[in-house]
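Visitor: Under my numbering, think of the first position of the sequence shown as 919, with each following residue one higher. Just so it is clear, CB atoms sit at the ideal spot from N, CA and C, and this is done for glycine as well. This structure is a prediction, so every number in the text was calculated from the model and none was measured.
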Amino acid sequence: MKVYTYSQARQKLSDVLNDAQRDGEVEIKRRDGQTFILKPVKEKKSPLDIPGVDTGISTNEINEAVRESRERP
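1) Compare the C-alpha of residue 956 against each of 965, 944, 950 and name the closest.
2) Could you check where the alpha helix (DSSP H) with residue 977 kicks off and where it finishes?
3) Considering only residues of the same chain and omitting the five flanking positions on each side of residue 938, which have a CB-CB separation below 6 Å?
4) Does DSSP classify residue 934 as helix, strand or coil?
5) Just tell me which of 990, 924, 972, 982 has its CA closest to the CA of residue 946.
6) Nearest by alpha-carbon distance to residue 953: which of 990, 922, 971, 978 is it?
7) Within 10 angstroms of the Cβ of residue 927, are there 16 or more other Cβ atoms? Answer buried if so, exposed if not.
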């Protein structure tokens, strides 16, 4: 984890944010000894939010296949 002083962090904010994005977090120390951790916020996405798959068949064909599979012999 990269450590910056407060003054360095102010002067190189873009670098600090890039390091936090790349490494997961950076530490910023103040003159009075206080230490802060800066972390990027992860985007909240649904696990069901996935790209579609091109099956080459229409919705009607899928529905028909489901109906056929549900019919009793």
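Guide: According to the data block:
1) The shortest C-alpha separation from residue 956 is found at 944.
2) 977-988
3) 944, 956, 958
4) helix
5) 924
6) 922
7) buried
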